[in-house]
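Chemist: Please find one structure pasted underneath; my questions will follow.
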Amino acid sequence: MDRYGDDRYDINLNLGLDIHKDLILEISAIVTDANLKIVAEAETMIIHQSKTVLDGMDDWCLTTHTQSGLVDACLKSSLTIEEADEILVTFLMHHTPLKKCPLAGNSVYNDKRFMGKFMPKTYEHLNYRIIDVSSFSEVMHRWLPVIQSEQPRKKLCHRALDDIKESIAQLDFYKKRIFDTHK
């Protein structure tokens, strides 16, 4: 294991973009090894939110999360964000060393900001580093558009577990197509 740990912790939070008004709706987590093979998968958690909170989301979030069924699932859930934080950090403690595992996925800088505000136990367990798959995508789009056009297509389900699996597949594509060819 290197100084940061070989495992990667992929998490997806379904939320808005405004940390001052939006809340976490859904959480999924997968731990992968250095070769992006799944080591452990946490059960997806749907966080209870009131109708008032959900109705306050921006139009894109409200439409998308209503169509996916997430809005109804949040209304039916009784799980609090504090309970989810405890469940997730316990999962992490069983599968990753403290402060060694970077957060990975698409646009995870935003997920990490929300975790810092709403899930402090989970946030404190993670390494300060992140592996943002969106950055790879942006670089490929600019510098290697031929390779970018070959990447796996996203289904755009906008559910946490689907998004994580798509992020892992996308990163695995970049690993095999770019990095493994230079070994």
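Position 83 of the sequence shown, counting from 1, maps to 82 under numbering that gives the first Met the number 0, and the rest follow consecutively.
A virtual CB, placed ideally from N, CA and C, is assigned to each residue, including glycine.
Taking the alpha carbon of M92 as the point to measure from, which residue in T180, L61, L125 and D58 has its own alpha carbon closest?
Modeler: The option with the nearest alpha carbon to M92 is L125.
Chemist: DSSP three-state call for T62: helix, strand or coil?
Modeler: Helix, per DSSP.
Chemist: Contact defined as beta carbons within less than 8 Å: I believe V107 pairs with I129. What is the distance between those atoms, to the nearest angstrom?
Modeler: Rounded, the Cβ-Cβ distance is 5 Å, consistent with contact.
Chemist: Could you round the C-beta distance between F117 and I86 to whole angstroms and report it? I think they count as a contact, below 8 Å.
Modeler: That belief does not hold up - the Cβ atoms of F117 and I86 are roughly 14 Å apart, past 8 Å.
Chemist: Give me the Cα-Cα distance between S27 and E42, rounded to the nearest whole angstrom.
Modeler: Computed Cα separation, rounded: 7 Å.
Chemist: Return the Cβ separation of L78 and M44 in integer angstroms, given the expectation that the two are a contact with Cβ distance under 8 Å.
Modeler: Right, the Cβ-Cβ distance comes to about 6 Å (below 8 Å), so this counts as a contact.
Chemist: For D183, does the three-state DSSP call read helix, strand or coil?
Modeler: Nothing can be reported for residue 183, as the shown portion of the chain is limited to 0 through 182.
Chemist: Out of curiosity, what's the CA-to-CA distance linking H94 and A39?
Modeler: Between H94 and A39, the C-alpha separation is close to 7 Å.
Chemist: From which residue to which residue does the alpha helix (DSSP H) around S148 run?
Modeler: Segment P144 to E149, the alpha helix (DSSP H) holding S148.
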